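The next block holds one structure in the form of structure tokens; read it before the comments.
Protein chains: 2
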Amino acid sequence: MPAAPDDFTQIVACLKSLGLTKYEALVYIALLRVTGATATEIHEISGVPRASVYPVLEQLQAKELVSVSQSSPKRFAALPPEEGIGNLLSCIQQNALRAQEDLSAIYEERLSPEREEQELIWNLYGITAIRKKIVELLAHTERDVRIIAHPQLFSEDIKRALNHKAHHIAVEIITPQWDGEPPGTMNVYVKKTPEIPKGLDRAKDMMAGGVFIFDNRTVMVIVGLGKEDAVALYSESAGFVRFFIRYYDLIIDWAKKPDLK
Amino acid sequence: MPAAPDDFTQIVACLKSLGLTKYEALVYIALLRVTGATATEIHEISGVPRASVYPVLEQLQAKELVSVSQSSPKRFAALPPEEGIGNLLSCIQQNALRAQEDLSAIYEERLSPEREEQELIWNLYGITAIRKKIVELLAHTERDVRIIAHPQLFSEDIKRALNHKAHHIAVEIITPQWDGEPPGTMNVYVKKTPEIPKGLDRAKDMMAGGVFIFDNRTVMVIVGLGKEDAVALYSESAGFVRFFIRYYDLIIDWAKKPDLK
DNA sequence: TAAATGTTGTTATAACTACAACAACAAGAT
DNA sequence: ATCTTGTTGTTGTAGTTATAACAACATTTA
Chain U
1 MPAAPDDFTQ IVACLKSLGL TKYEALVYIA LLRVTGATAT EIHEISGVPR ASVYPVLEQL
61 QAKELVSVSQ SSPKRFAALP PEEGIGNLLS CIQQNALRAQ EDLSAIYEER LSPEREEQEL
121 IWNLYGITAI RKKIVELLAH TERDVRIIAH PQLFSEDIKR ALNHKAHHIA VEIITPQWDG
181 EPPGTMNVYV KKTPEIPKGL DRAKDMMAGG VFIFDNRTVM VIVGLGKEDA VALYSESAGF
241 VRFFIRYYDL IIDWAKKPDL K
Chain G
1001 MPAAPDDFTQ IVACLKSLGL TKYEALVYIA LLRVTGATAT EIHEISGVPR ASVYPVLEQL
1061 QAKELVSVSQ SSPKRFAALP PEEGIGNLLS CIQQNALRAQ EDLSAIYEER LSPEREEQEL
1121 IWNLYGITAI RKKIVELLAH TERDVRIIAH PQLFSEDIKR ALNHKAHHIA VEIITPQWDG
1181 EPPGTMNVYV KKTPEIPKGL DRAKDMMAGG VFIFDNRTVM VIVGLGKEDA VALYSESAGF
1241 VRFFIRYYDL IIDWAKKPDL K
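Top to bottom, those sequences are chains U and G. Mapping of the first sequence onto our numbering: position 187 corresponds to residue 187, and the numbering continues sequentially without gaps. Mapping of the second sequence onto our numbering: position 78 corresponds to residue 1078, and the numbering continues sequentially without gaps.
Put into structure tokens, the structure is as follows:
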């Protein structure tokens, strides 16, 4: 009687991303729970149809996750997960390395059709992708960076890049709160967000994300800081940049005024 | 005109193991070759059907591999491969870690049905799995190890384990050739393979792999050293063990004789 | 013989692949 | 202005492959 689903859905999902199928994952898990088993026992423990167990076990042998006995009926045993998973992962890592090398080569040699890509406004999804882009833009900045942003946005990576850059270029930051070490050579204006300048209704929304101005030339606007629903726009488009510089100037004036309260 | 297949099959295969589909890989590669492109241009560069390009680009955005412009027509650009691939890989690594933790927990708590698994003869496929098993068996050995094996079999891992163990237990090795540092505390008999004892026809075949005897209790026999077609048998079965101990004794007698040539 | 094992098929389902067709839109021509 | 023409983005519909699920049969073991 095929029993005990036991809910390994989480682990199965993880194993799938390592290239296993659902059945392969279930059988492997089942084998880890005992010291050894026949095909039929595996079927009972894992819930995988008995007839499907055989081909699946072949796959797992090929992937070096199980060993087989000579006996009749054959008995199967799982190799320790440290080795099994380690094996799978190192294969993938190897592939990733190869891909990265090959693709980086392609990326460096890429043709630049003489289009004015800089007039475009680009979208970026996902908070990690956004943070990485910020670090990248920061690395190419030559004169100054001006920032209005929610503190959540400043990952360790970004803070490190900022601290590093602050030695060479001007860094100006407006934020409702600054965590961590005192901002050495940077100008950081800490202003509570509740009442940003009058008349700018959408200003508060903006503050939920951030505005980054690099060299007065490239602007990145981030909206939404939820887990993965963050969106960023960035552009070198003149109009786009001008709009946000003006916006920034407005805020900085207000920020520089001494707190009246 | 969709052109230039350009044979990225290798890279595509690598990217597939990172969880991308063929189309996703092709589109990503295509985007890396230019600074930006419209859906139609991507179709032309990559050879992916134009209608398929749109959903594929959505997938890639979700995987944080490309960014999109606001313009009409939309333009797409690839994020640098170091970041893109790095992202994918770190996700997988995270999953692998979680899986390994969960599975190790299961593995430790596994039920031991009181069966005599030790009477079975087990098969193991793949040279890396075999080498790892050897290291594992070595770790649990308490008195002595006796080995007849082809030098190819001794990976760095195994040599290290042997050198380490040699301080506590007796290690005896017969091999036609010994590479690397002189075998400190181990007894190594180097004997050319060509004419092993008389009358044992299959002996030569055996020497193409190896025989490991752990504590006179567990025996592992390896046959075939090809890339991935290596097979090992191991067992604690009394008959199996006795057979190979007798075989070993035969060889060791011959090996200890001074070279007559 | 009966039960369990191992093998071989067939079917279903889902995902990926591939292509055809359509509406919306813009640019240019008459 | 209207009518082409071509492009873009969307939708739908098959073909293909891999996985999933089950049924049936031959073989072994007791």
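Built from N, CA and C at the ideal position, the CB exists for glycine as well. No experiment lies behind these values; they were computed from the predicted model shown.
Out of N1216/G, A1013/G, G1209/G and K1256/G, the CA that lies nearest to the CA of Q94/U is found in A1013/G.
Closest by C-alpha distance to Y1054/G, out of L1065/G, K1063/G and I1042/G, is I1042/G. Between E82/U and S1090/G, the CB-CB gap reaches or exceeds 9 angstroms.
Taking CB atoms only, S1046/G has no neighbour in chain U less than 9 angstroms away.
In the displayed model, V1145/G falls within a strand according to three-state DSSP.
Rounded to whole angstroms, the separation of the alpha carbons of R1242/G and Q61/U is 28 angstroms. Excluding residues up to 5 positions away in sequence, Y125, G126, I127, I130, G209, I222, V223 and G224 lie with their Cβ nearer than 8 angstroms to the Cβ of A230/U in the same chain. Residue range R1075 to A1078 is occupied by the beta strand (DSSP E) that includes F1076/G.
Under DSSP, the beta-bridge partners assigned to A170/U are D144/U. Closest option to K1256/G, judged by alpha-carbon separation, among A1232/G, F1212/G, F1214/G and Y1189/G: Y1189/G. DSSP places T1175/G in the strand class (E or B) of the three-state scheme.
Here V1211/G really is in contact with F1244/G; their C-beta atoms are around 6 angstroms apart, less than 8 angstroms. Taking 9 angstroms as the CB threshold, A13/U lines the interface with chain G.
Residue burial annotation: Q1100/G is buried, with at least 16 other C-beta atoms found within 10 angstroms of its C-beta. For A37/U, the secondary structure class from DSSP, reduced to helix, strand or coil, is strand. For L1120/G, the three-state secondary structure derived from DSSP is coil. Nearest neighbour of K1022/G by Cα position, chosen from Y1107/G, K1159/G, R1033/G and F1008/G, turns out to be F1008/G. Distance between S235/U and K1132/G, taken at the CA atoms: about 53 angstroms.
The continuous alpha helix (DSSP H) containing F1240/G extends over residues A1238 to K1256. Within the stretch 69-83 of chain U, those residues whose Cβ lies closer than 8 angstroms to any Cβ of chain G are, in chain order, S69, Q70, S71, R75, A77, A78, L79, P80, P81, E82 and E83. Annotation for S1067/G: no alpha helix (DSSP H) segment contains it, though the beta strand (DSSP E) segment containing it runs V1066 to S1069. Excluding residues up to 5 positions away in sequence, Q118, E119, L120 and I121 lie with their Cβ nearer than 8 angstroms to the Cβ of S237/U in the same chain.
Distance from the CA of N1163/G to the CA of R110/U, rounded to the nearest whole angstrom, comes to 51 angstroms.
Taking 9 angstroms as the threshold, the shortest C-beta distance from G1209/G to chain U does not fall below it.
Taking a Cβ-Cβ threshold of 9 angstroms, none of the residues of chain U is close to Q1059/G; the smallest such distance is about 12 angstroms.
In the three-state scheme derived from DSSP, where H, G and I count as helix and E and B as strand, T1021/G is classed as coil. Restricting attention to D249/U, R146/U, N123/U and H167/U, the CA atom closest to the CA of G1036/G is found in N123/U. Note that the C-beta distance between L1031/G and A1096/G is not below 9 angstroms. Contact annotation: in the stretch 1126-1140 of chain G, residues whose CB is within less than 8 angstroms of a CB in chain U are G1126, T1128, A1129, K1132, K1133 and E1136.
Around L1124/G, the beta-carbon contacts reaching into chain U at under 7 angstroms are S67. Between I1029/G and chain U, the shortest Cβ-Cβ separation is below 9 angstroms.
Sequence-distant partners of V34/U (beyond 5 residues in either direction) whose C-beta falls short of 8 angstroms from its own C-beta, in its chain, are E41 and I45.
If you ignore the 5 residues before and after P151/U, its C-beta comes within less than 8 angstroms of the C-beta of T175, P176, Q177, W178 and D179, all in its own chain and listed in chain order. Excluding five sequence positions before and after S69/U, the CB atoms of its chain that fall closer than 7 angstroms to its own CB belong to R75, given in chain order. Distance between L15/U and L1020/G, taken at the CA atoms: about 16 angstroms.
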